[in-house]
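**Q** The structure is given below, and queries will be raised subsequently.
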Amino acid sequence: MRAKYILSEVMVGLWRNVTMTVAMIITMAVSLTMLGASLILYQQIDSMKGYYFDKVQVSIFLRDDISTQQRDDLAGQLQADPLIKQPVIHETKEQAWNKFQQQFKDAPDLIAATKKDALPESYRIQLKNPKQYNQVAAEYKGKAGIDEIVDQSTLLSKVFGVLGAAQNLALVIALVQGLAALLLVGNTIQVAAYSRRREVAVMKLVGASNWFIQSPFVLEAMFAGIIGAIIASAAMVVGKIFLIDGSLKSLASLLTPAPWSRIYIMIPILLGIGAVISGVTGWVTLRFYIKK
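Structure follows, in structure tokens:
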């Protein structure tokens, strides 16, 4: 009987404040979508860092006037270096030019404006520990025949720095949206309690417990939070299908795969956050309201 009464009060309360309930659901959905997306982005960037930094190369560009003896001595030293993974890749000017043409085949003007001799001969090496780049660079920099040493991890760090900034921005926006959702939940619960203040007063006079009085309002907040979380989960599934596996699929060679398991794990997390945060906010708001 009590459960039936509480559920009927929940439905009445939601219908009475339908506009604010819809606003609360939408705000909760937006904040949870951004929170879930930022958490997945964190995992994705960590995955990409591990993938790319493990494959990162150091390019040792050679001078045009390097002698055969200098080239052979450098090759022998690189092959014997315990910090370097084998094999060491030697790229001639001709190979560099062919690779350049293949990479920029869709930009014929760039190819036409680039001289064949502009691309230097090089050695491409991988370090067993990418963090030891400075040690390797210090050892080979200035040796005869070497023009420049370039570490791809430095370029990748800049790229991941930009991604990390976007990641943090998304998280900040999600937290701001979450705060707005909590304030809206609290305000909606206060309005609902005020509109039923006479019923609340009567229940208090007949000895109803605070828990019994608060239950319909808390369940209203939890209902809105759960619906918002369901919408957020659906938005993430749609984003996975149409964005990650759709329009961004052409970038598959650059982006590491985002497995469905990350989406599946995020759904119950969002449902839990939506229900618990909304319920706790409603309960805390009512404790102060009912004590007045």
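Mapping the sequence shown onto the working numbering, position 71 (from 1) lands on 154, and the numbers just tick up by one. Every residue gets a Cβ at the ideal spot worked out from N, C-alpha and C, and that includes glycine. Because the structure is a prediction, the values reported are computed rather than measured.
1) Per DSSP, what kind of secondary structure is Glu204 in: helix, strand or coil?
2) Touching or not, the stretch 353–370 and the stretch 265–278, by the rule of three or more beta carbon pairs under 8 angstroms?
3) With contact counted as at least three CB pairs below 8 angstroms, one residue from each stretch, are the stretch 203–211 and the stretch 164–171 in contact?
4) Rounded to the nearest angstrom, what separates Lys199 and Glu174 at their Cα positions?
5) Kindly provide the ranges of any alpha helix (DSSP H) runs that are 4 or more residues long and lie completely inside the stretch 97–122, ordered along the chain.
6) Who are Ile167's beta bridge partners in DSSP?
7) How about the stretch 178–193 and the stretch 104–113: do they share at least three Cβ pairs that are nearer than 8 angstroms?
8) Could you check how far apart the C-beta atoms of Pro204 and Lys176 are, in whole angstroms? I think they sit under 8 angstroms.
9) State the CB to CB distance for the pair Phe243 and Ile128, rounded to an integer number of angstroms; the pair is presumed to be in contact (CB under 8 angstroms).
10) Tell me whether the beta-carbon of Ser142 lies closer than 7 angstroms to the beta-carbon of Val233.
11) Thr364 and Gly269 look like a contact to me (Cβ under 8 angstroms); what is the Cβ gap, rounded to whole Å?
12) Which term fits Ser316, buried or exposed, when burial requires 16 or more other beta carbons within 10 angstroms of its beta carbon?
13) Give the DSSP-derived three-state secondary structure of Ser150 in the structure shown.
14) Which of the three DSSP states, helix, strand or coil, is assigned to Phe144?
15) Using the DSSP secondary-structure output, state which residues sit across from Asp234 in a beta bridge.
16) Might you give, ordered along the chain, the residues of its own chain that have their beta carbon closer than 6 angstroms to the beta carbon of Val301, omitting 5 neighbours on each side?
17) Hey, how far is the Cα of Phe325 from the Cα of Ser121?
**A** If we stick to the structure as given:
1) In the sequence shown, counting from the first residue as 1, residue 204 sits at position 121. Three-state result, Glu204: coil.
2) Flag = yes, the stretch 353–370 and the stretch 265–278 touch.
3) yes
4) Sequence index remark: in the sequence shown, residue 199 carries index 116 (1-based). Sequence index remark: in the sequence shown, residue 174 carries index 91 (1-based). So the two alpha carbons sit approximately 14 angstroms from each other.
5) none
6) Residue numbering aside, residue 167 sits at position 84 when the sequence shown is read from its first letter. Ile167 pairs with Leu210.
7) no
8) Taking the sequence shown and counting its residues from 1, one reaches residue 204 at position 121. Taking the sequence shown and counting its residues from 1, one reaches residue 176 at position 93. What sits at residue 204 in the sequence shown is Glu, not Pro. That belief holds up - the Cβ atoms of Glu204 and Lys176 are roughly 5 angstroms apart, short of 8 angstroms.
9) Here residue 243 refers to the residue found at position 160 when the sequence shown is read from its first residue. Here residue 128 refers to the residue found at position 45 when the sequence shown is read from its first residue. Going by Cβ atoms, the distance from Phe243 to Ile128 rounds to 6 angstroms, so yes, they are a contact pair.
10) Counting from 1 along the sequence shown, the entry for residue 142 is found at position 59. Counting from 1 along the sequence shown, the entry for residue 233 is found at position 150. Taking a C-beta distance under 7 angstroms as the contact criterion, Ser142 and Val233 qualify as a contact pair.
11) Along the sequence shown, read from residue 1 onward, the residue named residue 364 stands at position 281. Along the sequence shown, read from residue 1 onward, the residue named residue 269 stands at position 186. Thr364 to Gly269, Cβ: 6 angstroms. Contact.
12) As a first step, residue 316 must be located in the sequence shown, where it is residue number 233. Buried: at least 16 other Cβ atoms inside 10 Å.
13) Your numbering for residue 150 matches position 67 in the sequence shown. Three-state DSSP puts Ser150 in coil, outside helix and strand.
14) Reading the sequence shown from its first residue, position 61 is the one you call residue 144. Here Phe144 sits in strand by DSSP.
15) Counted from its first residue, the sequence shown places residue 234 at position 151. Note: Asp234 sits in a beta bridge opposite Val141.
16) As a first step, residue 301 is located in the sequence shown; it is residue number 218 there, counting from the start. These residues qualify, in order along the chain: Gly362, Gly365, Trp366.
17) Residue 325 sits at position 242 when you count from the first residue of the sequence shown. Residue 121 sits at position 38 when you count from the first residue of the sequence shown. Spanning the two alpha carbons is a distance of roughly 18 angstroms.
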